[in-house]
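To keep things clear, I will list the structure first and then write my remarks on it.
There are 2 protein chains.
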Amino acid sequence: MYFRRGLNLLYQGLFTPVGKTTTQPLCASLGRGLVLSAQRRTPELSSFVTRTNTCGELCSSHLGQEVTLCGWIQYRRQNTFLVLRDFHGLVQVIIPQDESAASVRKILCEAPVESVVQVSGTVISRPPGQENPKMPTGEIEIKVKTAELLNSCKKLPFEIKDFVKKTESLRLQYRYLDLRSFRMQHNLRLRSQMVMNMREYLCNLHGFVDIETPTLFKKTPGGAKEFVVPSREPGKFYSLPQSPQQFKQLLMVGGLDRYFQVARCYRDEGSRPDRQPEFTQIDIEMSFVDQTGVQSLIEGLLQHSWPRDKDPLVVPFPSMTFAEALSTYGTDKPDTRFGMKIIDISDVFRNTKIGILQDVLNKSQGTIKAICIPEGTKYLKRKDIETIRKFAAEQFNQEVLPVFLKTNSNWNFPVAKSIVEEQTLELIRLLETQEDVILLTAGEHTKTCSLLGKLRLECADLLEARGMVLRDPALFSFLWVVDFPLFLPKEESPGELESAHHPFTAPHPSDIHLLYTAPEKVRSQHYDLVLNGSEIGGGSIRIHNAELQHYILATILKEDVKMLSHLLQALDCGAPPHGGIALGLDRLICLITGAASIRDVIAFPKSFRGHDLMSNAPDHIPAEDLKSYHIQVSRPTDSAAAKKDSLNHSPQPEC
Amino acid sequence: MYFRRGLNLLYQGLFTPVGKTTTQPLCASLGRGLVLSAQRRTPELSSFVTRTNTCGELCSSHLGQEVTLCGWIQYRRQNTFLVLRDFHGLVQVIIPQDESAASVRKILCEAPVESVVQVSGTVISRPPGQENPKMPTGEIEIKVKTAELLNSCKKLPFEIKDFVKKTESLRLQYRYLDLRSFRMQHNLRLRSQMVMNMREYLCNLHGFVDIETPTLFKKTPGGAKEFVVPSREPGKFYSLPQSPQQFKQLLMVGGLDRYFQVARCYRDEGSRPDRQPEFTQIDIEMSFVDQTGVQSLIEGLLQHSWPRDKDPLVVPFPSMTFAEALSTYGTDKPDTRFGMKIIDISDVFRNTKIGILQDVLNKSQGTIKAICIPEGTKYLKRKDIETIRKFAAEQFNQEVLPVFLKTNSNWNFPVAKSIVEEQTLELIRLLETQEDVILLTAGEHTKTCSLLGKLRLECADLLEARGMVLRDPALFSFLWVVDFPLFLPKEESPGELESAHHPFTAPHPSDIHLLYTAPEKVRSQHYDLVLNGSEIGGGSIRIHNAELQHYILATILKEDVKMLSHLLQALDCGAPPHGGIALGLDRLICLITGAASIRDVIAFPKSFRGHDLMSNAPDHIPAEDLKSYHIQVSRPTDSAAAKKDSLNHSPQPEC
């Protein structure tokens, strides 16, 4: 029983502290930190409406009370009782059997499951022996006096109890039914409460001003992923911005001092799994702040808003430079819940006879690196190693050698045999282990690290799929990654530079002199916040000097500065030093709730193709509706466009 | 001095209770109701940043403290002191004169006004006699030890002290400077705090769930004012919805029970003064609620979030039927701050000899109505009456007769002379006055009321322009208007009906039988909230029965039900009875702050032509950016479009 399981969990896990039978609701139990007083007031959940109580709150302390409840018929047994459900929980209702209550009985016996009814009656004890200790309301039941059918459920599109087994596309098509599930009720309520706690922290505790910025804006230079919105002026378009970046900086120039917004952002990336065309970020900007200040603010914010049923966060979060993250974890968003770090073992092989290793070490950037797979001999199969080697060869054009510290389990990989005992002993000494498998690869530093970073995550998934407990599901491992490069070589034209993040990021103070001599070496004042290997936020100290901003835009990035003349002019009008950050709310809530996808923490998400499967958006609109916008549809005629179109219309499932 | 006046007011009016010199900040002083505890914690305004204090908070209790301040140079006098400004207020800084402080002196004397500096020093008493009681920090000054120029203000686009006299379009072009003004700082901070108080009321006190709904949606049937957003699928478009109406109802079907959202909404109305293409509403929906429940919720919400420096709101708000509003005030949004109500004086003229009045009374819907202009003989001129008569003739094709109760001031209007003494005496008796001017008109009920409703507001403006105090500027007069008609005849085709509000509005329970016989007579369960003559909110109990919804959509409104099949299906899956409301946040804050325009309560508003004058949005974009959206610009070729285009490009000022 999907709903029953769900709502019992909802009640037990969130509405009631473990081991107690109080009626403390979700909002209170999630509200850690008790912002403004020692005792947070419990919300009134039945104010302004016809019910006197919620189904889920009733317990022995309500015995004898006359109550009116509104809810959905969860199920009915033998026409003697039914279980009524609302967002707060389940309660058992006794269907009266005496002749005088025939009309009430008729209503309660004939209404289909998932119909909406209102019942009034008395809270009574269940007969001795019939209590249900697994049900939060299991000590009581309702002796009904009156009942009213508020709405009959006529056409469920399928058996609701099977809903959980349906595909995600069916869940999205009938989202209004999926929202009744424990999972969605829990995720959306937790999200609401966490955001409320964040607002209290920012607004009430630290004087931030909640300011709404426009979403109908102008195209950002280089903003290739911005949706366009035609205006009534021929050829002129608004853009839906990817973030309020320019506005938040202009607010600092305007002296607002501390800004935040739970901001809707837009990004048109076509079809990408686990991305949404519109998403939400906690957007923050402060004047007169440095990197440490922003980091402390965010640590306090997360600590304050963290769900109370999880372990409290320990601050400050650890910090790591980009260079260290790359060389140790092979990525700029390390999952620090587990080890398997990348180690440099070049020295072990200085005198190796193995040709490919020799060749690499003879090059200037050449290194030999490895990760160590704990109990790899126990959990991995020969086939896994072959898959790994194939992946490395295909994706990175690099060879991966498995090294088995116990020779009796080397699965006969030929190269591995060439590693002499002396080297094996040295590896055993370095890695302090004998039971593991070492994956070794040789090549240029960055590429080698990236490869091993990917293999590290792949192997972790493999080990866990085989039953090893590697990552504690209750662990939330936050990490700051700092000292990113300010610029990166353009992929399509490596002689030119582009911003590693965005062109408003300030250079690291120690590296400013390099801007004019070796800009590719300049580190930035950008910082990323990583949680369990996912980037959940990023920000920077911004450039507040117009001259420097102009130099970077015009000379280094070769951008058209006219597009940003308003910002450059603003910086010259007394812009304070400022910096900020944005947290990806959807991703953060997804990680906290352990949801399978960000779609499970959004009320009405789009499919990965950007469709609303419930209403069928986007959709065709009459040509006359386009006239006032001076646009017309240009049907694709060339083969590329036709192919794209056919892809978009292919009958593959959406999720 | 624009800024000085502004910030002194900011400090005095909002940061400090009248007559006191405490340092209570805006957030606290606005936070009425003290949501969660008896004592709201004062925000820390200098956490995480380099300053130790804000400029505006310093007072005698800080004497002797070493402080670091960051702010803008407001002005400087004789190179001996300067006034430093931040968002919190102004403070006087003494420029050191001794030789050892030459570098500090150089920085503080040479930096242009509006440059950003950081100073450290000691809070000292001003010399006796030099205190400034008008300045909240007027008892102290800062003896500077170190100073740093954080950013020089190089190119102010104009003398900042003249800024206040500039046109609104200049203010919008340099919005980042305008935001430094008292007016904008005050309005945006008040807005932020009021919304925070609303959230506390909804979320913490009444268990509402804050849920974000999509803005990339499907076109609503009849949604002619929706912006379209091309997708990457040829010919398919998203729409930016005018409100989350469908989503909020689907959330109720999904069992969320109590939803709210501070929702961004979009409406493309072309150029309309005091409207914005994107605007914000406090969007609310509840299950199992009736009209009274929603009204009580909103009354509590406004009471709770009302600025503390204003008189507390008295609830419940008065309520009036649409019919009464029309017949008494000639509008569905009466300004109830003053009288001048419309009165029916048909009976006085039953035996009149005046031909035009006789004719009207002989018709079935014919009435004679009047408004009474207090002290009209004193405040109005003959020319005013002539303007009024001309307006009535041109706009309503109706004649307005001025009646002077004192014959010696009848300004020789011929018809007025025809009113015999007996009638005048009866009018004096009815209206309990002699000094006033009566504006009398005769005709069909609705039209006559509408005309007099307009004249009532025109005359009120006139009287106030001439010096009469008619409407108390401190008065906030809320009013519920209820019992609207459910349908109205279509303007272009009066034989057909359209929804008076939207097609999901439930009919009045007493009128349901009329749906099938005389739908034009059905009243709805819609309610409007009116403040001082402006509609600031509207909502309704919704239809939760699929059959009824289908009948109204298909049979009465002749809409294509396929567009709403998802909603109809949802109603059949156990939709609870539900209702809600939306408050227009921009308008509400505008009325509370007394701002001249909603643009003054929005950080980055569009001009009335929908332009962002700072960044120049909307703008042309490269044709290749449109390719992936399969659209192309159709240049207007017919004369109508060309004319429209030229209008859009006319050199008229924007505001």
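As given, the protein sequences belong to chains Z and G, one line each in that order.
Heads up, the final residue of the first sequence is numbered 657 in our numbering, and it's a clean run with no missing numbers.
Heads up, the final residue of the second sequence is numbered 657 in our numbering, and it's a clean run with no missing numbers.
For each residue, glycine too, the CB sits at the ideal point set by N, CA and C.
Treat the numbers as computed from the prediction; the structure is a model and nothing was measured.
Taking each of Z:Met342, Z:Gly540, Z:Leu566 and Z:Gly539 in turn and checking the Cα distance to Z:His552, the smallest one comes out for Z:Leu566. Near chain G, meaning a CB-to-CB distance below 8 Å, the residues of the stretch 299-320 of chain Z are Leu299. Three or more pairs of CB atoms, one per stretch, sit closer than 8 Å, so the stretch 335-352 of chain G contacts the stretch 453-461 of chain G. In the DSSP assignment, Z:Phe324 falls within the alpha helix (DSSP H) that extends over Phe324 to Tyr331. G:Val85 and G:Ile144 do not touch by the CB rule: their CB atoms are close to 10 Å apart, not below 8 Å. Annotated as distal: G:Val125 and G:Ile97, with beta-carbon spacing of 8 Å or more. In the structure shown, Z:Ile356 falls within a coil segment according to DSSP collapsed to helix, strand and coil. In the three-state reduction of the DSSP assignment, Z:Gln400 falls in the coil class. Assignment of G:His528 by DSSP, reduced to helix, strand and coil, places it in the strand class. Between G:Thr294 and Z:Glu214, the gap from beta carbon to beta carbon reaches 8 Å or more. Under the three-state reduction of DSSP, G:Cys57 is assigned to helix. With its beta carbon at least 8 Å from every one in chain Z, G:Gln244 lies outside the interface. Z:Val146 has a beta carbon lying at 8 Å or more from every beta carbon in chain G. Secondary structure note for Z:Asp285: its beta strand (DSSP E) is the uninterrupted segment Glu280 to Ser289. Separation of the CB atoms of Z:Leu593 and Z:Asn534 is rounded to 6 Å, and the pair is thereby assigned contact status at 8 Å. Under the three-state reduction of DSSP, G:Lys147 is assigned to strand. Judged by DSSP secondary structure, Z:Ser567 falls within the alpha helix (DSSP H) whose first and last residues are Ser567 to Leu573. When Cβ-Cβ separations below 8 Å define contact, G:Met200 makes no contact with chain Z. Under a criterion of Cβ atoms nearer than 8 Å, the residues of chain Z adjacent to G:Ser117 are, in order, Gly576.
Among the residues facing chain G, Z:His580 is not included, as its CB has no counterpart in that chain under 8 Å away. Residue state for Z:Glu141 is assigned as coil, using DSSP reduced to three classes. A straight-line Cα-Cα distance of about 17 Å links G:Lys608 and G:His622.
Going by DSSP, G:Tyr381 is part of no beta strand (DSSP E) but of the alpha helix (DSSP H) stretching over Gly378 to Tyr381. Per DSSP, the continuous beta strand (DSSP E) segment holding G:Ala444 begins and ends at Val439 to Glu446. In this structure, G:Leu303 and G:Leu204 form a Cβ contact; the two beta carbons are roughly 7 Å apart against a cut-off of 8 Å. Listed along chain G are Gly257 and Leu258, each with a C-beta nearer than 8 Å to that of Z:Gln187.
The contact set of Z:His528 on chain G, defined by CB atoms closer than 8 Å, is empty, because the minimum CB distance reaches about 18 Å.
Z:Pro114 counts as exposed, since fewer than 16 other beta carbons sit within 10 angstroms of its beta carbon. In the displayed model, G:Ala395 falls within a helix according to three-state DSSP. For G:Asp88, the neighbours in chain Z by C-beta distance under 8 Å run, in chain order, Gly257 and Asp259.
Contact fails between the stretch 391-399 of chain G and the stretch 469-485 of chain G, because fewer than three Cβ pairs, one in each stretch, are under 8 Å apart. DSSP links G:Pro487 through a beta bridge to G:Arg525. Around the beta carbon of G:Lys564, fewer than 16 other beta carbons sit within 10 angstroms, so the residue counts as exposed.
Chain Z has a Cβ within less than 8 Å of the Cβ of G:Phe50.
Distance from the CA atom of G:Arg266 to the CA atom of G:Ala597, rounded to whole angstroms, is 21 Å. Per DSSP, the unbroken alpha helix (DSSP H) holding Z:Gly302 starts and ends at Gln293 to Ser307.
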